[in-house]
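Chemist: Following this message is one structure expressed as structure tokens.
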Amino acid sequence: MSSYTIRTFGDPVLKQRAAPITDIDGSLVRLADDMVQTMYDAPGLGLAAPQVGIQKRLFVYDLNDGKGPKTLVNPTISEHRGEWEYEEGCLSVPGLHFLIVRPKEVHLTGYDLDGNEVSIEADELEARLFQHELDHLDGTLLLEHLDDAQRKSALRALRGRVLNQAT
Ligand code: ZN
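Numbering (the working numbering) for the sequence shown: 19 to 185.
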């Protein structure tokens, strides 16, 4: 297994909509393995393919619940219920966390790496992770879920970081 470099805020690949996967083959399995390695190295709970520059609808995750890493291919969320507030972060926006309200429960369907259909009723942290990773597949960062005050201070922090890198 090898590890990818995680793309961060400002990289245009993070704003593009990823394409559906048509074949689950050996190269896709290798991609998922390398993404899992990258996620553990970071470390993070989830990682979507666009975050490593790959425009495919796939993400990996591990909620540290002892069930090991999982991969979801062509995931979609069909239902959501309730509201849940959570301090959310993103490996592509390193070092910043934001209190964000999103639906508490979601129903996700998709495929695993064996091509089997998967149907998951998720709530709280798992539901939040699914919504966050789905956003990445649609080219959306968590910054788009912030209120005006949060967004202003986030952009100030991110701009300061870009300037520091340039000097
Ligand atoms: Zn993220």
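All C-beta atoms in this analysis are idealised placements derived from N, C-alpha and C, irrespective of residue type, glycine included.
1. Terminal residues of the continuous beta strand (DSSP E) containing residue 104?
2. Using the Cα positions of residue 116 and residue 29, report the straight-line distance between them to the nearest angstrom.
3. Based on the DSSP secondary-structure assignment, which residues constitute the bridge partners of residue 94?
4. Helix or strand or just coil, what does DSSP make of residue 120?
5. Please name the residue or residues paired with residue 141 in a DSSP beta bridge.
6. Does residue 173 pass the burial test, meaning 16 or more other C-beta atoms within 10 Å, or should it be called exposed?
7. Within this structure, are the beta carbons of residue 78 and residue 65 separated by less than 9 Å?
8. Which residue's Cα is closest to the Cα of residue 92: 59, 164, 153 and 146?
9. Measure the Cβ-Cβ separation of residue 50 and residue 159 and say whether it is below 9 Å.
10. CB-CB under 6 Å to residue 163, same chain, minus the five flanking residues each way: which ones, in chain order?
11. Distance check for residue 43 and residue 148, CA to CA, integer angstroms please.
12. Could you give the C-beta distance for residue 97 and residue 70, rounded to a whole number, given that I count them as a contact under 8 Å?
13. Considering only residues of the same chain and omitting the five flanking positions on each side of residue 146, which have a CB-CB separation below 8 Å?
Modeler: The answer reads as follows:
1. 102-107
2. Cα to Cα, residue 116 sits roughly 20 Å from residue 29.
3. 127
4. Residue state, collapsed to three classes: strand.
5. 123
6. exposed
7. yes
8. 153
9. no
10. Around residue 163: 118.
11. 23 Å
12. With a Cβ gap of about 29 Å, residue 97 and residue 70 do not count as contacting.
13. 102, 104, 106 and 120
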